[in-house]
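In the working numbering, the protein residues as written are 10 to 197.
Glycine included, every Cβ here is placed at the ideal spot set by N, Cα and C.
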């Protein structure tokens, strides 16, 4: 029967679609876990001077060196730091969390945001990018996020420095991320 054949064909395709969707969703679920592992490691280093846990491979201490430079230079200039600072917009009634705020000696603020990506080279919305392409950060909304944090701070009378927005792009490799002990490799 032709009708039964068409139904069977549709069901076969729907099964393939479901399988692919589940496979893709697994990757989406792993990304925030991997990002949180790296965020937590950075936060522990900044707050407690704790080195990265053994499950994070940071060849030649690339990321650790970047974070250490930010903290050391800031402290040398009289800055203090707040990690994972929750912000709230009174006008839009929405919260957000800034990864790192540097409060300078003069009371002005610099906002740092970590972006962990499993490979920066590739396509997004049909465009090809590498880690150094600033347009990637606009297209993905990262710059808008930082501008929103700045606007929230301004609502409370907190001034920003003349160079207030910094994205720390962290390229990582991971697979089968299940929990905070899963292996993560910082590649660049």
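Counting along the chain, the unbroken alpha helix (DSSP H) around residue 164 starts and ends at 151–164. Leaving aside the five residues that flank residue 168 on each side, the residues in its chain whose CB is nearer than 6 Å to its CB run, in chain order, 117. In the DSSP assignment, residue 83 falls within the alpha helix (DSSP H) that extends over 71–85. Taking C-alpha positions only, residue 113 is separated from residue 183 by approximately 36 Å. By the neighbour-count criterion, in which 16 or more other beta carbons inside 10 Å mark a residue as buried, residue 173 falls on the buried side. A Cβ-Cβ contact shorter than 8 Å links residue 124 with residue 176.
If you draw a straight line from the Cα of residue 60 to the Cα of residue 50, it comes to about 8 Å. Going by DSSP, residue 117 is part of no beta strand (DSSP E) at all; its letter is neither H nor E. Of the candidates 179, 107, 111, 75, the residue whose Cα lies closest to the Cα of residue 84 is 111. Collapsing the DSSP output to three states places residue 179 in a strand. With a cut-off of 8 Å on Cβ pairs, the region 87–102 is in contact with the region 152–169, counting three or more such pairs.
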